[in-house]
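Visitor: Sharing a structure below in structure tokens format, with a few things to ask.
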Amino acid sequence: MYGCDIIAETNFYSNITVLDSIDKENFKAEILQYDSLTGSEDTGLAKNLYYVQKSGMSLKQIKITLNDGGVIVEPGALQFHKGNIVCDANLGGVGGIAKKMIKKKLTNEAAFNPLYRGVGEVFLEPSFSHFLIVTLKNGSIIVDKGLFYCAESSLVVGVASQKNISSGLFGGEGWFQTKISGTGICILESPVPMSEILKYELKDERLQVDGNFALLRSDSVNFRIESSGKGIAGKLTSGEGMLQTFEGSGAVWLAPTQPIYKSISASNIQSLAAATYNRDNST
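Here it is as structure tokens:
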């Protein structure tokens with residue numbers, strides 16, 4: 000005997016709720032939620048955990064199950080993996096290296112995303128973030144900087160450039176964004192939960208947004224910045240400034256509550272007592 004028999008076993012998954020999942024032949028993605036965090040032996044930490052749980056925050060973790068499949072992840076996101084899993088530098092040859100370096104330069108994001116492939120389980124770092132599972136079928140989406148978290152290896156994570164000067168200068172995301180293309184599953188790290196995301200499917204329509212809370216759009220949707228009103232009279236009467244304008248056919252996902260969270264984070268809670276618009280009608 001090379002050890003001792005385990006008499007009692009703690010069931011890890013009895014404290015887990017699967018918030019969302021998608022299962023394919025060789026790739027399964029799950030968003031795990033820890034139902035409670037009760038392991039603290041420090042009273043100060045226990046107090047903080049109490050308020051965290053009372054506020055409705057929950058610790059989440061991404062689990063990927065591979066069956067001769069692969070997953071591309073953000074650098075540093077891996078926590079552990081089990082099984083016959085190998086890590087590939089995912090360089091893509093000389094041409095691939097050049098493209099990745101250009102991507103890093105343009106988007107200020109990681110140049111090289113590790114690729115884990117094989118048979119087994121891959122667990123990414125747990126956090127209090129919100130995660131979204133998105134499935135692509137021979138399509139392309141453009142997402143805000145920092146949203147990409149991991150993706151099935153069949154997808155290509157690249158760069159999309161703004162198609163006009165106004166969106167590059169005033170769009171809030173700079174001249175370049177992250178583009179995810181192909182057929183497969185990707186997971187995005189969202190500033191808000193899925194229940195607070197408004198999903199529009201435009202059909203040769205136009206959507207205008209006052210602010211920077213559009214999380215993603217189909218590549219088929221045209222994006223530009225427009226003034227809210229034509230001419231001086233329109234600007235004076237609308238009370239708004241420049242609007243993000245989405246036009247065409249395809250998906251646009253909005254996070255209307257995101258600006259409120261930013262205000263609360265900046266301790267501007269008192270300003271939220273009334274709707275956030277200018278009440279000065281003296282002009």
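Numbering (numbering that gives the first Met the number 0), first residue to last: 0 to 282.
Cβ atoms here follow ideal geometry from the backbone N, Cα and C, with glycine treated the same way.
#1: Between Val17 and Gly145, what straight-line distance do the alpha-carbon atoms span, to the nearest angstrom?
#2: In whole angstroms, what is the alpha-carbon distance linking Ile63 and Gly157?
#3: With DSSP run on the structure shown, which of helix, strand or coil describes Gly138?
#4: Could you tell me the distance, in whole angstroms, from the CA atom of Arg278 to the CA atom of Ile21?
#5: Between which two residues does the alpha helix (DSSP H) harbouring Asn47 extend?
#6: Tell me the DSSP secondary structure of Asn318 in three-state form.
#7: How big is the Cα-Cα spacing for Tyr199 and Glu73?
#8: Looking at the secondary structure, which residues open and close the beta strand (DSSP E) in which Ser160 lies?
#9: Quick check: the region 133-142 against the region 74-83, are at least 3 beta-carbon pairs closer than 8 Å?
#10: Between which two residues does the alpha helix (DSSP H) harbouring Ser264 extend?
#11: Please return the same chain residues whose Cβ sits closer than 7 Å to the Cβ of Gly119, not counting the five positions on each side in sequence.
#12: Quick check: what's the CA-CA separation for Glu40 versus Asn47?
#13: Distance, Cα to Cα, Gln32 vs Pro190?
#14: Tell me the DSSP secondary structure of Asp194 in three-state form.
#15: In chain order, what residues of the same chain have a beta carbon less than 8 Å from the beta carbon of Asp203, not counting five sequence neighbours either side?
#16: Could you give the C-beta distance for Ile71 and Asn112, rounded to a whole number, given that I count them as a contact under 8 Å?
#17: Quick one: what does DSSP say Met241 is sitting in, helix, strand or coil?
#18: Which whole-angstrom value is the C-beta distance of Lys253 and Phe212, which I expect to be below 8 Å?
#19: Which whole-angstrom value is the C-beta distance of Gly183 and Leu214, which I expect to be below 8 Å?
#20: Thinking Gln257 and Gln207 are a contact (beta carbons under 8 Å), I'd like their distance in whole angstroms, please.
Guide: This is what the structure holds:
#1: By one-based count along the sequence shown, residue 17 stands at place 18. By one-based count along the sequence shown, residue 145 stands at place 146. Cα-Cα distance, rounded: 24 Å.
#2: Within the sequence shown, the letter at position 64 stands for residue 63. Within the sequence shown, the letter at position 158 stands for residue 157. Straight-line measurement puts the Cα of Gly157 at about 22 Å from the Cα of Ile63.
#3: Taking the sequence shown and counting its residues from 1, the one referred to as residue 138 is at position 139. Of the three classes helix, strand and coil, the one that applies to Gly138 here is strand, per DSSP.
#4: Indexing the sequence shown from 1 puts residue 278 at position 279. Indexing the sequence shown from 1 puts residue 21 at position 22. For Arg278, the predicted structure reports a pLDDT of 43, less than 50, and the residue's modelled location is therefore unreliable. A value from the coordinates is still provided. Near 47 Å, if we compare the C-alpha coordinates of Ile21 and Arg278.
#5: Taking the first residue of the sequence shown as position 1, residue 47 is located at position 48. Annotation: the continuous alpha helix (DSSP H) that includes Asn47 extends over 42-53.
#6: Here the chain covers residues 0 to 282 and nothing more, so residue 318 does not appear.
#7: Here residue 199 refers to the residue found at position 200 of the sequence shown. Here residue 73 refers to the residue found at position 74 of the sequence shown. Separation of Tyr199 and Glu73 (C-alpha to C-alpha, rounded to the nearest whole angstrom) is 28 Å.
#8: The residue given as residue 160 occupies position 161 in the sequence shown. Looking at the DSSP string, the run of the beta strand (DSSP E) that includes Ser160 is 155-160.
#9: Not touching, per the Cβ criterion.
#10: For the purposes of this step, residue 264 is identified with residue 265 of the sequence shown, where counting begins at 1. For Ser264, the enclosing alpha helix (DSSP H) starts and ends at 257-264.
#11: For the purposes of this step, residue 119 is taken as the residue at position 120 of the sequence shown. Leu65, His80, Lys81, Gly82, Asn83, Ile84, listed in sequence order.
#12: Walking along the sequence shown from the start, residue 40 turns up at place 41. Walking along the sequence shown from the start, residue 47 turns up at place 48. Whole-angstrom Cα-Cα distance: 12 Å.
#13: As a first step, residue 32 is located in the sequence shown; it is residue number 33 there, counting from the start. As a first step, residue 190 is located in the sequence shown; it is residue number 191 there, counting from the start. Gln32 and Pro190 have their C-alpha atoms spaced approximately 16 Å apart.
#14: Sequence index remark: in the sequence shown, residue 194 carries index 195 (1-based). As written in the sequence, residue 194 is Ser, which differs from the Asp given in the question. In this structure, Ser194 counts as helix in the three-state DSSP scheme.
#15: In the sequence shown, the residue the question calls residue 203 occupies position 204. Cβ-Cβ distances below 8 Å link Asp203 to Gly247, Ser248 in the same chain, with the five nearest sequence neighbours on each side left out; the list follows chain order.
#16: Taking the first residue of the sequence shown as 1, we reach residue 71 at position 72. Taking the first residue of the sequence shown as 1, we reach residue 112 at position 113. The beta-carbon separation of Ile71 and Asn112, rounded to 5 Å, stays under the 8 Å limit for a contact.
#17: Position 242 of the sequence shown holds residue 241. DSSP places Met241 within a strand segment (E or B) once states are collapsed to three.
#18: As a first step, residue 253 must be located in the sequence shown, where it is residue number 254. As a first step, residue 212 must be located in the sequence shown, where it is residue number 213. Checking the displayed sequence, the identity of residue 253 turns out to be Leu instead of Lys. About 6 Å separates the two Cβ atoms, so the contact holds.
#19: Here residue 183 is taken as the residue at index 184 of the sequence shown, counted from 1. Here residue 214 is taken as the residue at index 215 of the sequence shown, counted from 1. Gly183 to Leu214, Cβ: 19 Å. No contact.
#20: Position 258 of the sequence shown, counted from the first residue, corresponds to residue 257. Position 208 of the sequence shown, counted from the first residue, corresponds to residue 207. The pair is not a contact, with the Cβ atoms about 17 Å apart (cut-off 8 Å).
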